[in-house]
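Undergrad: Just dropping this structure here.
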Amino acid sequence: MIIEPESPKSPTDPAPAETSRDGLAGPARPHAQPAPFPIFVDTYAMPPPYVSYRAASPPPETPAPTQTTPLLPTHRKFSTHKRRRRQRRIIFVAASVLLNCLLVLLLLRRGRRSIQDDTHVGIVVPEEPLPHHPIEAVKPDPGLGRCVRRAQWSNATLLPSGAAFAYESSARFGFSDPSMAMFLLAQGAHASGHLDIHPSSTELPYLLVTARSHSLAVRDRANVCLMERDKDGLGVGVFTPNAFDEQGPQDKLEFDLALYLPTAGRRGSSPPLYNLETSLPLFAHNLHSLKDAIEFQELHLKSRNAPIVADSVYARNATIRTTNAHIQGSFDASAHLSLITTNALIDTTVTLHSTTIFKTTELVMQTRNGQLESAINLLTTSATGEGGNFNVSAHTADAPLVISFPKSPARSTLNFNGVTSNARADVWLNHAYEGRFALLSNIVLVDKRPFLDVKNLRSVIYDALEDGSVLGVVSWKKWPILKSKVVGNVNVTTSNSILNFFV
Numbered sequence: 002m003i004i005e006p007e008s009p010k011s012p013t014d015p016a017p018a019e020t021s022r023d024g025l026a027g028p029a030r031p032h033a034q035p036a037p038f039p040i041f042v043d044t045y046a047m048p049p050p051y052v053s054y055r056a057a058s059p060p061p062e063t064p065a066p067t068q069t070t071p072l073l074p075t076h077r078k079f080s081t082h083k084r085r086r087r088q089r090r091i092i093f094v095a096a097s098v099l100l101n102c103l104l105v106l107l108l109l110r111r112g113r114r115s116i117q118d119d120t121h122v123g124i125v126v127p128e129e130p131l132p133h134h135p136i137e138a139v140k141p142d143p144g145l146g147r148c149v150r151r152a153q154w155s156n157a158t159l160l161p162s163g164a165a166f167a168y169e170s171s172a173r174f175g176f177s178d179p180s181m182a183m184f185l186l187a188q189g190a191h192a193s194g195h196l197d198i199h200p201s202s203t204e205l206p207y208l209l210v211t212a213r214s215h216s217l218a219v220r221d222r223a224n225v226c227l228m229e230r231d232k233d234g235l236g237v238g239v240f241t242p243n244a245f246d247e248q249g250p251q252d253k254l255e256f257d258l259a260l261y262l263p264t265a266g267r268r269g270s271s272p273p274l275y276n277l278e279t280s281l282p283l284f285a286h287n288l289h290s291l292k293d294a295i296e297f298q299e300l301h302l303k304s305r306n307a308p309i310v311a312d313s314v315y316a317r318n319a320t321i322r323t324t325n326a327h328i329q330g331s332f333d334a335s336a337h338l339s340l341i342t343t344n345a346l347i348d349t350t351v352t353l354h355s356t357t358i359f360k361t362t363e364l365v366m367q368t369r370n371g372q373l374e375s376a377i378n379l380l381t382t383s384a385t386g387e388g389g390n391f392n393v394s395a396h397t398a399d400a401p402l403v404i405s406f407p408k409s410p411a412r413s414t415l416n417f418n419g420v421t422s423n424a425r426a427d428v429w430l431n432h433a434y435e436g437r438f439a440l441l442s443n444i445v446l447v448d449k450r451p452f453l454d455v456k457n458l459r460s461v462i463y464d465a466l467e468d469g470s471v472l473g474v475v476s477w478k479k480w481p482i483l484k485s486k487v488v489g490n491v492n493v494t495t496s497n498s499i500l501n502f503f504v
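The sequence shown begins at 2 in this note's numbering and counts up one residue at a time.
As structure tokens, then:
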């Protein structure tokens with residue numbers, strides 16, 4: 002009989018589980034008898050001689066799964082991590098919503114608003130300045146005067162959409178004595194606008210100030226006040242804050258100043274001689290038809306980066322000064338007139354009045370990088386209509402010089418000096434001129450214009466020199482040049498261009 006050998010069991014094979022009374026599998030119990038020693042047959046290889054099969058330690062028993070032991074590994078740690086991450090997301094979203102709500106409430110409490118139209122889009126207007134960063138107007142220099150009364154704003158109106166500003170307000174200042182020197186001042190980075198001077202039928206002069214801003218709080222940053230200077234000066238000052246880091250379009254200010262001057266004194270008396278001085282940077286000046294209505298003893302207008310234009314004005318002494326902007330209009334003066342600017346043109350009609358033979362009426366015109374063009378009339382108040390002394394100076398650079406003298410009294414004395422460079426020079430003398438002339442340029446053309454001189458009393462003699470200059474003299478036989486008589490003198494100079502001289 003052949004005994005079949007049992008299949009060798011792996012040490013890791015679990016023992017068969019017994020069935021409990023409840024029908025559940027439980028851990029296998031060990032056999033009472035040890036397993037029989039395997040019988041080796043020819044089909045099985047013998048173990049190595051140095052290995053004791055019985056001496057081998059029994060394999061460790063692997064406990065069988067119990068009722069409370071899960072068959073698969075647990076993922077509790079991963080589930081806890083996901084739950085915590087989801088909780089953090091919920092907390093973050095809730096905090097973001099809360100912060101946004103607080104920001105909206107803060108903006109509402111600060112009273113910010115946005116003007117939504119073609120002009121005001123994106124301008125956020127604070128109704129009041131930040132308390133931790135006060136913005137104040139500059140303090141006026143004591144030498145300019147002292148403020149005695151601040152502006153009382155009235156007629157504050159909200160402008161229609163599409164306007165450059167949101168609000169407009171006005172204030173009025175009166176001048177109790179028109180004979181006092183009046184002055185208008187402006188300081189600060191946010192002071193700009195227009196000045197208009199009108200003739201008026203009122204008894205006393207007054208100034209109307211109109212302020213435009215994006216909010217009333219921005220308007221109130223400015224200090225507009227009535228000022229006193231010594232005992233004979235009364236004026237108005239416009240003082241605004243200097244530039245600051247946080248400024249934007251919402252901080253812009255604009256002022257319109259309208260000065261009304263009476264054309265008659267109190268109770269129908271003649272108007273006084275006005276004295277007016279302005280120092281208004283960034284303010285354009287416009288003088289409306291004042292020549293035949295009022296007269297200035299002293300008129301001094303000063304601006305910067307803004308033009309000065311006069312329909313007509315008469316002053317004994319006048320200084321008109323600006324920069325980077327033009328000067329235009331009609332100006333009359335009987336003692337001295339200065340027209341000065343830079344980087345812009347001068348285009349004027351000037352009338353100089355000679356009121357006495359003992360004084361010379363002077364005109365100074367000066368610019369650069371801008372054309373200087375002026376028609377200068379020379380008049381005299383003498384009973385004979387003759388005589389008068391006039392000094393005229395016209396200087397520019399890198400731009401044309403165009404000067405003419407349409408009117409000039411007989412037997413008058415004119416001293417004229419005209420200078421430019423790198424541009425043409427055109428000068429027309431009046432036929433009444435008598436005196437010498439000197440012309441200097443690369444090309445000089447002298448044109449003796451024909452006029453009605455039946456008796457051939459006028460003579461023009463000139464000669465060209467080797468250095469390119471032309472010297473000449475104009476004389477009248479009726480008025481021989483005597484040793485005691487002062488004759489006129491004309492000098493015109495340019496370079497790298499043509500000089501046209503009409504005599």
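Backbone N, C-alpha and C define an ideal beta-carbon position, used for all residues, glycine too.
Smallest Cα separation from Q251: which of A218, F503, T323 and N224?
TA: Answer by Cα proximity: A218.
Undergrad: For chain C, is any of its Cβ atoms less than 8 Å away from the one on L430?
TA: Structure shown: chain C not included; a single protein chain is present.
Undergrad: List the endpoints of the continuous alpha helix (DSSP H) containing V488.
TA: Segment: none, V488 is in no alpha helix (DSSP H) and carries neither H nor E.
Undergrad: To the nearest angstrom, how far is it from the Cα of D348 to the Cα of H354?
TA: Each residue's Cα considered, the two are about 20 Å apart.
Undergrad: Could you say which of F284, W429, R89 and L300 lies nearest to P308 if we only look at CA atoms?
TA: Among F284, W429, R89 and L300, the Cα nearest to that of P308 is on F284.
Undergrad: At what residue ranges does the region 187 to 260 contain a whole run of the alpha helix (DSSP H), taking only runs of 4 or more?
TA: DSSP runs (the alpha helix (DSSP H)) wholly in the region 187 to 260: 217 to 222.
Undergrad: Quick one: residues in its chain with C-beta nearer than 6 Å to the C-beta of R213, no 5 flanking neighbours on either side, listed in chain order?
TA: If we look at R213 and ignore the five residues flanking it on each side, its Cβ neighbours are F166, E169 and E255.
Undergrad: Would the beta-carbon of I321 fall within 8 Å of that of L291?
TA: Contact: no.
Undergrad: Does F93 pass the burial test, meaning 16 or more other C-beta atoms within 10 Å, or should it be called exposed?
TA: Looking at its Cβ environment, which holds fewer than 16 other Cβ atoms inside 10 Å, F93 is exposed.
Undergrad: What residue from H82, S394 and S313 has the CA that sits closest to H404's CA?
TA: Per the sequence shown, residue 404 should be read as Ile rather than His. Checked all of H82, S394 and S313; the closest Cα to I404 is S394.
Undergrad: Classify A152: buried if its beta carbon has 16 or more other beta carbons within 10 angstroms, exposed otherwise.
TA: Looking at its Cβ environment, which holds 16 or more other Cβ atoms inside 10 Å, A152 is buried.
Undergrad: I need the straight-line Cα distance from T279 to D427, nearest angstrom please.
TA: Roughly 34 Å separates the two Cα atoms.
Undergrad: Rounded to the nearest angstrom, what separates E19 and T81 at their Cα positions?
TA: Its pLDDT being 46, under 50, E19 is placed unreliably in this model, and the value from its coordinates should be taken loosely. Answer to the nearest angstrom: the Cα atoms are 38 Å apart.
Undergrad: Residue range of the beta strand (DSSP E) that S313 falls in?
TA: Where S313 is concerned, the enclosing beta strand (DSSP E) stretches over I309 to R322.
Undergrad: Could you check where the beta strand (DSSP E) with F297 kicks off and where it finishes?
TA: First-last of the beta strand (DSSP E) with F297: F297 to K303.
Undergrad: For S180, which residues in the same chain have their Cβ closer than 6 Å to its Cβ, ignoring the five residues on either side in sequence?
TA: If we look at S180 and ignore the five residues flanking it on each side, its Cβ neighbours are P273.
Undergrad: Measuring CB atoms only, is the region 436 to 452 touching the region 485 to 501, in the sense that at least three cross pairs come out at less than 8 Å?
TA: Result yes; three or more Cβ-Cβ pairs closer than 8 Å.
Undergrad: Do you know offhand how far R113's Cα is from R173's?
TA: In this prediction, R113 has a pLDDT of 44, which is less than 50 and means its spatial position is unreliable; what the coordinates show is noted afterwards. Computed Cα separation, rounded: 30 Å.
Undergrad: For A411, which of helix, strand or coil comes out of DSSP?
TA: Three-state result, A411: coil.
Undergrad: Just curious, the beta strand (DSSP E) that F176 is in, first and last residue?
TA: Run containing F176: none; DSSP gives neither H nor E here.
Undergrad: I need the straight-line Cα distance from D178 to Y207, nearest angstrom please.
TA: Taking the straight line from one Cα to the other gives about 10 Å.
Undergrad: Using a 10 Å radius around the Cβ and a threshold of 16 neighbouring Cβ atoms, would you call C102 buried or exposed?
TA: It counts as exposed.
Undergrad: Below 8 Å, can you find three or more Cβ-Cβ pairs linking the region 328 to 343 to the region 364 to 378?
TA: They touch, by the three-pair rule.
Undergrad: So, with DSSP's three-state summary, where would you put G371?
TA: Reduced to three states, the DSSP call for G371 is coil.
Undergrad: So who's on the other strand from F391, going by DSSP bridges?
TA: DSSP lists T362 and L415 as partners of F391.
Undergrad: So, S375 versus D399, is the Cβ gap smaller than 8 Å?
TA: Contact: no.
Undergrad: Measure the Cβ-Cβ separation of T362 and F391 and say whether it is below 8 Å.
TA: It is a contact, given that the beta carbons lie within the stated cut-off.
Undergrad: Once you ignore the five residues that flank G371 on each side, which residues in its own chain have a CB closer than 8 Å to its CB?
TA: Only H327, T342, T343, N344, A345, L346, I347, T397 and A400 meet the Cβ criterion.
Undergrad: Please state if the CB of G189 and the CB of A157 are separated by a distance shorter than 8 Å.
TA: Against a cut-off of 8 Å, the Cβ pair of G189 and A157 comes out as no contact.
Undergrad: Looking only at its own chain, which residues have a Cβ that is under 8 Å from the Cβ of D233, when we skip the five neighbours before and after it?
TA: Same-chain partners within the cutoff: M181 and A182.
Undergrad: May I ask you to list the residues that DSSP assigns as paired with V98?
TA: For V98, which the question treats as bridged, DSSP gives no partner whatsoever.
Undergrad: Comparing alpha-carbon positions, which option in D454, A244, I295 and R89 lies nearest G266?
TA: Checking every option, the nearest Cα to that of G266 belongs to I295.
Undergrad: Bridge partners for D333 per DSSP, in chain order?
TA: Answer is Y315 and T352, bridged to D333.
Undergrad: By the DSSP assignment, the beta strand (DSSP E) with T158 in it spans what residues?
TA: It spans S155 to L159 - the beta strand (DSSP E) in which T158 sits, taken as one unbroken run.
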